[in-house]
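See structure below.
Protein chains in written order, with my numbering: chain A, 94 to 325; chain B, 22 to 272.
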């Protein structure tokens, strides 16, 4: 998000909610959309109306967290929900605490506790099996969306790598660096083989997209199975 | 053509037969849950098919078996989608060693004969479990998941509601009321099915007022009722925030 975009949204949020808020913050997110956090005072009433006003200030696809001051700890809790929501939530507290910007009010970042990485990994593996297998893998194969499926699985493996790196205290990763960082921190031949084969799958254009999609699912399942052994 | 419960039963029977025939010994168990398992099918409305398909571990270590299993499962999806019955998402597949990693949020569905049933093979439900971390995630999920509904709040402010807005509002409300009360129950260590979630919460949290969100699943979308729907949305979001506050004060 550009500085101008951040300032424009910040202006709208402050104008609409400044007198009800203790703090308004922005955070970058390397894998997905950057987002905003609006922390209302604990004594606000009619929070549903405030949430409505806040969401009117922010583009639909931009993540927005609305909460009261006393609910700050919730930002660090794991969630078991749709895959895309979990993907953008897992690292959010890290980026807010370390790279977030205060747009209005007090700087609450020092009071923000970081998540338990073991719980974040458990939730991420959970939704990557439970929801992704049904809603993305079988559905993608059924609808013959082979290339889209391969791309989604590549992205999901990277997301899972990033979450696993939290076990080693590494949160500052990007889509470009995550595979290398993961290989350094998890020198496991199975992971290495899976990622090498997946990378070959992406570069070697096959005429048989169906076969390539099945290969991608096979590699994804091997990756998940191996990752589970580190999540115990 | 009128859809009947028998049409659903035939689709389920074909589904099981197809998997059995192709997967043979690699198929361990098929567990049915959801409205079909609860005998609460609404013909023409209920989806096909909420099921857990358990496969032998070897399927996930032998590439040839793996590819064959996926061809079979995709064929099963194709057949389900062609039955003419509502079909929104495929069933779920798991390996045998994942019996120790069932989705903790939904374990109630798998621990009661009233909520699930064995369609084929071993009754693996007694072997199902989850780790402490998975249980902790399930118990904490309500707090973040409740924010799923926040983007819907913009409809409380929109001047002119369209039919599309009304559809999105009602679908969003139904989704929130389907999942969040169950998640709240898990937070309170209450294992219950979807229909009993709100009654169970009312017992556990006597000050909770759910009157305004009862019977919403029966509502339909009409533009003439746009303002009613807007009030239903407000009531639902307020109910969820109230539920959240009570869970926190109960913790």
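Built from N, CA and C at the ideal position, the CB exists for glycine as well.
Since this is a predicted model, take the numbers as computed values, not measurements.
So what's residue 150 (chain A) in DSSP terms, helix, strand or just coil? coil
Starting from residue 181 (chain A), follow the alpha helix (DSSP H) in both directions and report where the run begins and ends. 176 to 182
Verify the CB distance criterion: does residue 162 (chain B) have a CB-CB separation below 7 Å to chain A? yes
DSSP three-state call for residue 201 (chain A): helix, strand or coil? coil
Just to make sure I have the definition right: I need the residues of chain A whose C-beta is within less than 8 Å of the C-beta of residue 102 (chain B). Which are they? 235
Straight-line CA distance for residue 136 (chain A) to residue 220 (chain A)? 35 Å
If the criterion is Cβ atoms closer than 7 Å, does the pair residue 124 (chain A) and residue 306 (chain A) meet it? no
So the alpha helix (DSSP H) residue 97 (chain B) belongs to, where does it begin and stop? 84 to 102
So which residues of chain A does residue 113 (chain B) contact, with C-beta pairs closer than 8 Å? 223, 226, 227
Of the choices B:164, B:178, B:245, whose alpha-carbon is the least far from that of residue 264 (chain B)? B:164
Near-chain B residues of the region 278 to 309 of chain A (beta-carbon distance less than 7 Å), N- to C-terminal order: 307
Burial state of residue 45 (chain B), where buried means 16 or more other Cβ atoms lie within 10 Å: exposed
Find the nearest neighbour of residue 120 (chain A) within the set A:144, A:110, A:201, A:109, judged by alpha-carbon distance. A:201
Candidates B:58, B:270, B:240: closest to residue 208 (chain B) by CA position: B:270
Please list the partners that residue 262 (chain B) has in chain A, where partner means a Cβ-to-Cβ separation under 7 Å. 140, 141
Is residue 272 (chain B) helix, strand or coil by DSSP? coil
Quick one: grab the DSSP three-state call for residue 131 (chain A). strand
Go through the region 102 to 151 of chain B residue by residue and report every complete run of the beta strand (DSSP E) that reaches 3 residues or more, in order. 113 to 116, 137 to 142
In the DSSP output, which residue or residues are listed as bridge partners for residue 114 (chain A)? A:133
Taking a Cβ distance cut-off of 7 Å, strictly less, list which residues of the region 194 to 214 of chain A are near chain B, in chain order. 211, 212
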